[in-house]
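Just below is one structure, and these are the notes that go with it.
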Amino acid sequence: MIYFDTASSYPILPEVKKTLSEAFDYLYANSASSHFLGEKVNLEVNHVRGLIADEIGAYPSEVIFTSGATESNNIAFKSILFGNDIPADKKHIITSQIEHKCIFSICHYLESLGYEITYIKPNKQGVISPEALKNAIRPETALVSIMHVNNELGTISPIAEIGEICQQNDILFHSDAAQSFKKVDIDVDELNVDIMSFSAHKIGGPKGIGAIYIRDLRNKQLMPVIHGAGQEDGLRGGTVAAPLIIGFGSAIESFSKHYDKFKQIKAKEFLLSELEKHNIEYQINGGVGSLPSCLSLTLPLTNLALLIRDNEQYFCLAQGSACSSKEIEASHVLTAIGLTREQAEKTFRISFPLDVSNDNILNLVETIRKYRGVPTFAKAHFGRPSPSSRQKLNGTD
Ligand SMILES: *Cc1c(COP(=O)(O)O)cnc(C)c1O
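In our numbering, each residue's number is its place in the sequence shown (first place is 1) plus 551.
Written as C-alpha cells, this is what we have:
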C-alpha cells in the first residue's frame with residue numbers, strides 16, 4: 552500500500568514513537584501533582600510549550616495545549632467571542648470559503664446565535680487576497696479567520712498582509728496553521744497573527760493533541776472551552792495529556808530533518824515530469840507557491856473515480872469529490888476556486904509521505920496511464936460496482 556494522504560495525517564515518526572513509548576512507561580504521573588514525578592512531567596510539558604513558543608516567536612505563557620486543531624479553532628472563535636474582551640455588539644466574523652470544514656461548523660453554530668459571517672471567495676489560485684478582506688470589513692467585525700496553508704491545495708495565503716489590515720482596523724486575527732506549522736516559517740509578530748491553531752498529527756506526532764497560540768493570553772478574559780479544575784490557564788479543564796504533549800515535542804524536534812530530506816527528492820516535479828512524458832493531460836489546482844508535499848491535480852481524460860475505486864487497497868488518495876449516500880458532493884475548496892462538479896470528480900490530492908520513492912510515484916503514474924480514456928461508469932452504478940462489473944473493468948487496459 553502506498554500512502555499519499557499525509558495532508559490528512561502523517562504516520563508517527565520513528566523518533567516520536569520511541570519518545571511516546573518512554574513517556575507512557577516513565578512519565579505517567581499527573582502533571583498537576585506536587586510530588587517529584589508530577590513535577591518532572593510538568594517540566595516536560597512546559598519544555599514542549601517552550602518549543603512551540605520558540606518556533607513561532609511567542610511566549611510560553613501564550614501557548615495552550617488542546618486536543619488538536621479542531622479544538623483550537625473552537626477556542627479561537629467561541630472562547631474569544633464569548634469572553635469579556637469583545638464588545639457584545641460586535642457580531643460579525645470574516646472567514647473564507649476554503650477553510651477546513653470545522654470552521655464552517657463553528658460558524659454555522661455562531662450563525663444560529665445571531666452572528667453574521669462573511670465567507671470570502673479565494674482567487675483562482677486558491678489564495679485569499681488582502682483586497683477581498685478590506686472590502687468585507689465592517690465596524691462590527693470582531694474576528695477574522697483565514698487559514699495559513701490550505702489543506703486541499705497546499706496553497707499559502709498572504710496572512711502577514713491580512714493580519715496587518717486586521718491590526719489597522721483593531722480586529723482580532725486568527726489563522727489555522729495545522730498545515731503550515733514546521734513546513735512554512737512562522738513568526739506570529741511578522742505574520743501579525745493574534746491567535747493560531749496547530750495540530751501534532753500533521754507533522755508526524757500523535758493524533759489527539761494540538762495547541763493554540765493566543766497573544767497576550769494572561770490579560771484576556773476568555774470563556775473556557777471545557778470547564779474544569781483550572782488546567783491550561785483555566786481555559787481547558789481535564790488532566791493534561793502529558794505523554795501526547797511530549798510526543799508532540801518530539802515531532803517538533805524531528806520533523807524538519809525528515810521534511811528537508813523529502814524536499815530534496817522533488818517528488819512533485821518528478822510526478823509532473825512523468826505525466827508529461829506519457830502525455831497525460833493534467834491541470835494543477837492552486838499551483839503557485841504551494842507546499843512541496845501537497846498537490847491537487849485534475850486529470851480531465853482519466854477515469855479517476857474508477858482508478859481510485861479499483862485500487863483502493865493499493866493507493867491511499869484523497870478525492871476531490873466525496874460520494875455520500877445519495878449523490879456526489881464536490882469539495883467546497885475546488886468549487887470555490889471555480890471547478891465544476893465534473894472537474895472536481897476528476898480531481899485528487901496527492902500528499903506525499905516523507906519517505907516517498909521514485910518507484911512509488913512511477914507506480915502511480917503507471918496506474919493513471921491504465922485509466923486513460925476508460926469510459927465513465929454509468930451514473931446509476933456510482934455507489935460501488937458489483938464484483939462482476941469490477942472484474943470486467945479491471946481488465947480494461
Ligand atoms: C487536519 C486539519 C485540521 C484538524 O486538525 P485536528 O488536529 O485533526 O483536529 C484543521 N485544520 C486544518 C487546516 C487541517 O489540515
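Ideal placement from N, C-alpha and C gives every residue a C-beta, glycine not left out. Given the structure is predicted, the values throughout are model-derived calculations rather than measurements.
Open item on the list: Less than 7 Å separating the Cβ of residue 648 from some heavy atom of ligand 1?
Closed with: The answer is no for residue 648.
Task: Three-state class that DSSP yields for residue 894 in the structure shown - done: The three-state reading of DSSP puts residue 894 in helix, counting H, G and I together.
- [ ] Let me know if residue 931 comes out buried or exposed under the rule of 16 or more other beta-carbons within 10 Å of its beta-carbon.
- [x] Note on residue 931: pLDDT 39, under 50, position unreliable in the model; the coordinate value appears next. When all chains shown are included, residue 931 counts as exposed.
Open item on the list: Please give the ranges of any beta strand (DSSP E) in the stretch 635–719, keeping only runs that are unbroken, at least 3 residues long and fully inside the region.
Closed with: Fully enclosed beta strand (DSSP E) runs of 3 or longer: 643–647, 667–671, 692–696.
Open item on the list: According to DSSP, simplified to helix, strand and coil, what is residue 628?
Closed with: In the displayed model, residue 628 falls within a helix according to three-state DSSP.
Open item on the list: Measuring only the C-alpha atoms, how far is residue 689 from residue 649?
Closed with: Rounded to whole angstroms, residue 689 to residue 649 spans 21 Å at the Cα level.
Task: CA nearest to the CA of residue 677, picked from 692, 625, 887, 908 - done: Residue 887 is the option with its Cα nearest to residue 677.
Task: Residues that residue 778 bridges to, as DSSP identifies them - done: BP columns for residue 778 are empty, so no partner.
TODO: In the DSSP assignment, find the unbroken alpha helix (DSSP H) run with residue 822 in it and report its ends.
DONE: Start and end: 818–828.
Open item on the list: If contact is defined by three or more beta carbon pairs under 8 Å, each pair taking one atom from either stretch, is the stretch 859–871 in contact with the stretch 800–810?
Closed with: With the rule of 3 Cβ pairs closer than 8 Å, the stretch 800–810 does not count as touching the stretch 859–871.
Task: Proximity test, residue 844 beta-carbon vs ligand 1 heavy atom, cut-off 7 Å - done: Every heavy atom of ligand 1 is 7 Å or more from the Cβ of residue 844, so no.
TODO: Please find out if some non-hydrogen atom of ligand 2 comes closer than 7 Å to the beta-carbon of residue 552.
DONE: For the structure depicted, ligand 2 is absent and the ligand set comprises only ligand 1.
Task: Reference residue 763; option with closest CA among 583, 616, 598 - done: Checking every option, the nearest Cα to that of residue 763 belongs to 616.
TODO: Starting from the Cα of residue 572, find the closest Cα among 845, 757, 903 and give me that residue.
DONE: The candidate whose alpha carbon is nearest that of residue 572 is 757.
Open item on the list: Measuring only from the beta carbon, is residue 620 closer than 7 Å to any heavy atom that is part of ligand 1?
Closed with: Yes.
- [ ] Report all residues from its chain with a CB closer than 7 Å to the CB of residue 740; omit the five preceding and five following residues, and keep chain order.
- [x] Annotation for residue 740: 608 place their beta carbon closer than 7 Å to its own, counting only its chain and skipping 5 residues before and after.
- [ ] With DSSP as the reference, please indicate the residues paired to residue 864 in a beta bridge.
- [x] Residue 864 pairs with nothing; no bridge assigned.
Task: Segment contact, 8 Å Cβ cut-off, at least three pairs: the stretch 786–799 with the stretch 562–581 - done: With a cut-off of 8 Å, the stretch 562–581 and the stretch 786–799 count as touching, because enough Cβ pairs lie within range.
Open item on the list: For a quick check, are the C-beta atoms of residue 823 and residue 923 less than 8 Å apart?
Closed with: For residue 823 and residue 923, no; Cβs fall outside 8 Å.
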